[in-house]
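Novice: Below you will find the structure I want to go over with you.
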Amino acid sequence: MIFSRLCGTGVLPAFRLTIAIAILMFAIAPFNAAIATPLTCPDGMAFIPKGTFNIGSDTYYPSEASASDVTVESFCIDRHEITNAEYRQFVEATGYQTVAERPIPKEQFPDLTDEQRQPGSIVFWSPESLQQLTYLSWWHWVVGANWQHPDGPESTLSGLDDYPVVHIAYEDAVAYANWVGKSLPTEAQWEYAARGGLDADAIAPRKQYAPTNANTWQGIFPIFNTKEDGYLGPAPIQSFQPNGYGLYDMLGNVWELTADWYRAGHPDKGGSFNPTGPDRASSFDPKKPQEGALHVIKGGSFLCAPNYCSRYRPEARESQALDTGTNHIGFRLVRNLEWGNLTLNQG
Ligand SMILES: [Ca+2]
Ligand SMILES: [Ca+2]
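Each number in the working numbering corresponds to the 1-based position in the sequence shown with 310 added.
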């Protein structure tokens, strides 16, 4: 009807031209889609452009060597660690129960009594004296510790909505990731994003210990913390300056789980594209031979001090047992981009 009315007026030539342009644009649309235009990252995520960087380091711990160039495709990554408020939304929507809230499986530990199999998690307590200080004596299995009671059963999340969620085992992070339609970053994605767009030479000064850069430990770990950065334990997210990509607390605050299985060093990664790390069968940490397969964690935490750990660097890494969280390990997520019909980086 509208078209026949227009045919009786002087606007027909202009209208035909408009239709012709529209048809032409429709015809070339599929070719436009092939031109690499990044999709917008969801709210709360930053776009990390494709790039090649030198993963690992030959300067610090042997577990970070050998440094080698790898390339990662563009992706989106959370600007901050997942918070207690965000994890609570997931639990309230799904009824999910974290590993630390479940009794220790009898089939896995048949020799434990029911009392010994009570749910719990591992919490850091500073030794009260040098006499109490022995290897790893600052870690304690605490019955009733979990993400809702981060320092033990008497502690609560009151006032901690904006703090990073902790006591998260790997499967707890994956369950949340599936719920929000994202995934854990590979180690390469995480490390590349942590550099903030700076090359190795430029980030060298950032490797120098600086209390104001991140929530770490100032003083002598694990006895004495000067709290020069203002925080004895975790800090609310975004309490420190973001890196060049606008990402907060990539270094310090809480360690962050990645999708990669852990193996000491970076063998076989040089020249690779979107590396995803070793397979589960070859995952092993010679420092923790009893643990079996482990996942890579990145970035260090509020417990990292110059005299111990000092892993508040992009290339630093540690291993974490599959079935155990602690009060200094959390996570953030990535969303891989789809360009046209090609879905990238699904390794
Ligand atoms: Ca601190
Ligand atoms: Ca962190």
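Beta carbons: idealized from backbone N, C-alpha and C, even for Gly.
1. By alpha-carbon positions, which one of 543, 383, 631 and 352 ends up nearest to residue 436?
2. Is DSSP giving residue 647 helix, strand or coil here?
3. Within the chosen definition, does the region 473-483 reach the region 398-410 through at least 3 CB pairs nearer than 8 angstroms?
4. Tell me the DSSP bridge mates of residue 356?
5. Considering only heavy atoms of ligand 1 and the C-beta of each residue, which residues fall inside 5 angstroms, strictly closer?
6. In this structure, what does DSSP give as the bridge partners for residue 627?
7. Check residue 397 in the structure and name its three-state DSSP category.
8. Mind checking which residues open and close the beta strand (DSSP E) that includes residue 380?
9. Give the list of continuous beta strand (DSSP E) stretches no shorter than 3 residues that lie fully inside the region 515-578.
10. Which partner residues of residue 493 appear in the DSSP bridge assignment?
11. Helix, strand or coil for residue 474, going by three-state DSSP, please let me know.
12. Under 8 angstroms, with one C-beta from each stretch per pair, do the region 496-505 and the region 611-626 reach the 3-pair mark?
13. I'd like to check one pair, residue 374 with residue 366: are the Cβ atoms closer than 8 angstroms?
14. With a threshold of 16 other CB atoms inside 10 Å of the CB of residue 440, please say whether the residue is buried or exposed.
15. Here's the rule: buried if 16 or more other CB atoms are within 10 angstroms of the residue's CB, otherwise exposed. What is residue 453?
16. How about residue 541 and residue 389: do their beta carbons lie closer than 8 angstroms?
17. In terms of residues, what are the limits of the beta strand (DSSP E) holding residue 409?
Specialist: Taking the structure as given:
1. Comparing C-alpha distances from residue 436 to each of 543, 383, 631 and 352 shows the shortest one belongs to 543.
2. coil
3. With a cut-off of 8 angstroms, the region 398-410 and the region 473-483 count as touching, because enough Cβ pairs lie within range.
4. 387
5. 525, 539, 541 and 612
6. Beta-bridge annotation (DSSP): residue 627 is paired with 608.
7. Helix, per DSSP.
8. 378-382
9. For secondary structure counted as the beta strand (DSSP E) over 3 or more consecutive residues, the region 515-578 holds these complete runs in sequence order: 565-571.
10. Assignment of beta-bridge partners to residue 493 by DSSP yields 644.
11. strand
12. yes
13. yes
14. So residue 440 counts as exposed.
15. exposed
16. no
17. It is not in any beta strand (DSSP E) - residue 409 carries neither H nor E in the DSSP assignment.
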